[in-house]
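S.K.:
Residue numbers (the numbering used here), protein chains in the order written: chain A, 51 to 201; chain B, 51 to 201; chain C, 51 to 201.
1) With a threshold of 8 Å, are at least 3 pairs of Cβ atoms found where one atom belongs to the region 81 to 98 of chain A and the other to the region 148 to 163 of chain C?
2) List, in order along the chain, the chain C residues whose C-beta lies closer than 9 Å to that of residue 173 of chain B?
3) Could you give the distance in angstroms between the alpha-carbon of residue 69 of chain A and the alpha-carbon of residue 120 of chain C?
4) Using a beta-carbon distance below 8 Å, is residue 154 of chain A in contact with chain C?
5) Pull up the distance between the alpha-carbon of residue 152 of chain C and that of residue 123 of chain B, whole angstroms please.
6) Would you please verify whether the beta carbon of residue 131 of chain C is less than 8 Å from any beta carbon of chain A?
7) Provide the residue span of the alpha helix (DSSP H) that contains residue 95 of chain A, from first to last.
8) Would you kindly work out how many angstroms separate the C-alpha atoms of residue 188 of chain A and residue 132 of chain A, rounded to a whole number?
9) Around the C-beta of residue 10 of chain C, are 16 or more other C-beta atoms found within 10 angstroms, so that it is buried, or is it exposed?
10) Output the boundary residues of the alpha helix (DSSP H) element that contains residue 53 of chain B.
11) Please list the partners that residue 85 of chain C has in chain F, where partner means a Cβ-to-Cβ separation under 7 Å.
12) Contact check, residue 195 of chain A vs residue 154 of chain A under 8 Å by CB: the rounded distance?
13) Taking beta-carbon pairs under 8 Å, can you tell me which members of the region 53 to 77 of chain B lie near chain A?
14) Using beta-carbon positions only, say whether residue 147 of chain C and residue 60 of chain C come within less than 8 Å of one another.
15) On the premise that residue 90 of chain C lies in contact with residue 113 of chain C, defined as a C-beta separation below 8 Å, what is that separation, rounded to the nearest angstrom?
16) Report the rounded CA-to-CA distance for residue 197 of chain C versus residue 136 of chain C, giving the unit in angstroms.
17) From the DSSP output, in three-state form, read off residue 106 of chain B for me.
18) Give me the chain B residues within the contact set of residue 189 of chain C, using Cβ-Cβ distance strictly less than 9 Å, ordered along the chain.
19) Going along the region 127 to 151 of chain B in order, which residues come within less than 9 Å of chain C, judged by CB to CB distance?
20) Output the distance between the C-alpha atoms of residue 130 of chain A and residue 130 of chain B, rounded to the nearest integer angstrom.
21) Can you pull the chain B neighbours of residue 92 of chain A, defined as C-beta to C-beta under 7 Å?
22) Please compile the residues from chain B whose C-beta is within a distance smaller than 8 Å of the C-beta of residue 123 of chain C.
23) By the 10 Å Cβ neighbour count, where 16 or more other Cβ atoms means buried, how is residue 199 of chain A classified, buried or exposed?
24) Pick out whichever of C:190, C:193, C:192, C:165 has its Cα sitting closest to the Cα of residue 180 of chain C.
25) Around the C-beta of residue 79 of chain C, are 16 or more other C-beta atoms found within 10 angstroms, so that it is buried, or is it exposed?
26) My understanding is that residue 217 of chain A touches residue 57 of chain B, with C-beta atoms under 8 Å, so please give their C-beta distance in whole angstroms.
27) Just checking: is the beta-carbon of residue 186 of chain A within a distance shorter than 8 Å of some beta-carbon in chain C?
28) I want to verify the contact list: residues of chain C whose CB lies under 8 Å from the CB of residue 179 of chain B, in sequence order.
29) Looking only at C-alpha atoms, which of A:94, A:118, A:75, A:116 sits nearest to residue 107 of chain A?
30) Can you tell me the Cβ-Cβ gap for residue 62 of chain C and residue 72 of chain C, rounded? I've got them flagged as a contact below 8 Å.
31) What is the C-beta distance between residue 96 of chain B and residue 109 of chain B, in whole angstroms, given that I count them as a contact (C-beta under 8 Å)?
32) Under the three-state reduction of DSSP, which class applies to residue 113 of chain A: helix, strand or coil?
33) Are residue 185 of chain A and residue 101 of chain B touching if we call contact CB-CB under 8 Å?
34) For the alpha helix (DSSP H) that contains residue 164 of chain C, what are its first and last residues?
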């Protein structure tokens with residue numbers, strides 16, 4: 051029998067794939083922020099302002115696009131990281147593979163849609179629904195982790 | 051013999067339980083922020099302001115309660131995530147179960163008290179002591195991880 | 051044969067060591083922020099201002115050093131956490147130990163240099179290169195995780 055936390059376990063394999071998608075998406079927000087900082091000539095640090103052609107440029111924190119990307123990135127960190135951490139424990143509870151698969155896919159879809167809602171932006175409550183869907187999936191995994199770990 | 055990172059290991063089971071408490075608490079700060087944004091009519095995005103009855107509402111970032119909750123949430127992310135990540139390695143070092151149990155409980159208690167101190171708010175240095183207790187527990191686990199991994 | 055996620059696996063042992071270095075460094079930014087808040091008499095909360103001798107002190111968010119440390123801390127959270135999470139899956143793919151070792155060391159070096167660049171501060175693009183190096187290492191691990199998990 052394979053270890054529960056190894057690629058010999060199909061639930062772990064699925065978890066690695068969907069976690070990878072959402073962590074990768076979160077990580078990409080960093081270089082995307084850099085790209086918009088450069089194209090919008092908006093920096094947080096004195097030494098970064100030297101990258102601009104405008105030699106009198108000062109740090110500023112009010113570019114609408116850059117701040118929107120940063121809030122989206124922050125929301126990812128606050129939601130994706132708890133999903134992956136709870137997910138590791140959840141996989142260790144040996145859930146039904148079909149249920150696990152639905153939860154992982156729903157979470158990944160909710161986070162990609164959340165980013166779309168934030169970046170377009172789409173009218174509320176579309177983003178709010180995506181956010182709550184993600185929290186709900188993580189909550190469902192958390193429930194099983196507590197059931198198993200408090201036995 | 052069970053795997054060290056599985057519910058067959060009582061230390062892992064305890065770790066899953068107390069990690070679950072603190073990750074769950076961190077995750078809940080998201081919907082709590084949403085609740086106070088709605089009840090205080092304070093939003094970060096133009097499209098969110100349409101949720102308000104006041105059609106001339108603009109994004110604002112100076113609501114004392116919302117900003118306090120956000121700082122508390124941020125402090126959770128900065129402390130709970132390192133605890134859980136170091137904790138996984140710490141459980142893999144096969145620590146004495148009694149010591150592990152004390153560390154996990156102390157950390158969880160320190161973070162719930164930290165939130166209470168932040169939200170009431172209680173006079174300093176109560177919050178600072180809770181913060182340092184959490185850092186100390188994670189530091190103690192880190193010490194064992196370094197001792198084991200640098201052998 | 052040992053479990054892949056245990057200290058019996060030399061790749062896991064190396065991963066624990068280098069992850070520990072970068073998580074520990076991230077965690078330390080918290081107390082360092084506290085130290086500079088106290089020495090610069092700069093606080094975010096009304097109740098913290100009572101720690102000051104100046105009884106009329108108000109919360110403020112414009113101390114250059116404190117805000118710089120906070121941005122550095124935030125950048126750590128946004129990059130170190132994805133590295134460790136992808137790293138767990140990456141170790142489970144059973145990579146060549148020599149390749150894994152190079153990736154872990156490169157990441158750790160890039161993050162310590164990133165902090166040095168941020169704190170001195172060194173002229174750009176030094177910090178930007180460190181940031182992209184870290185993202186590149188995590189991306190390389192992510193690539194292998196996707197190859198293995200989508201099979």
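From the three backbone atoms N, C-alpha and C, an ideal C-beta is built for every residue, glycine too.
These numbers come from a predicted model, not from an experiment.
M.R.: So, from the data block:
1) Pairwise C-beta distances place the region 81 to 98 of chain A out of contact with the region 148 to 163 of chain C, as fewer than three of them are shorter than 8 Å.
2) 97, 100
3) 27 Å
4) So, not an interface residue.
5) In a straight line, the C-alpha of residue 152 of chain C is about 35 Å away from that of residue 123 of chain B.
6) yes
7) Segment: none, residue 95 of chain A is in no alpha helix (DSSP H) and carries neither H nor E.
8) So the two alpha carbons sit approximately 7 Å from each other.
9) A query on residue 10 of chain C cannot be resolved here, the shown segment of chain C reaching from 51 to 201 and no further.
10) Residue 53 of chain B -> no alpha helix (DSSP H), and no H or E assigned at all.
11) Given the protein chain composition of this structure (A, B and C), no chain F is represented.
12) Beta-carbon to beta-carbon, residue 195 of chain A and residue 154 of chain A are separated by about 15 Å, too far to satisfy the 8 Å threshold.
13) 53, 55, 56, 57, 62, 63, 64, 66, 67, 69, 70, 73, 74, 76, 77
14) For residue 147 of chain C and residue 60 of chain C, yes; Cβs fall inside 8 Å.
15) 5 Å
16) 13 Å
17) coil
18) Neighbours of residue 189 of chain C on chain B: none; closest Cβ ~20 Å, over 9 Å.
19) From the region 127 to 151 of chain B, only 127, 128, 129, 131, 132, 133, 135, 136, 138, 139, 142, 143, 144 have a Cβ closer than 9 Å to chain C.
20) For residue 130 of chain A and residue 130 of chain B, the distance between alpha carbons rounds to 14 Å.
21) Near residue 92 of chain A there are no residues of chain B at all, since even the closest Cβ is about 17 Å away, more than 7 Å.
22) 128
23) buried
24) C:165
25) buried
26) Summary: the structure shown does not reach residue 217 of chain A, with chain A confined to residues 51 through 201, and so no result is reported for it.
27) no
28) In chain order: nothing, as chain C lies at least about 11 Å away.
29) A:94
30) In fact, because the Cβ distance is near 16 Å, the residues do not count as touching under 8 Å.
31) 6 Å
32) coil
33) No.
34) First-last of the alpha helix (DSSP H) with residue 164 of chain C: 147 to 169.
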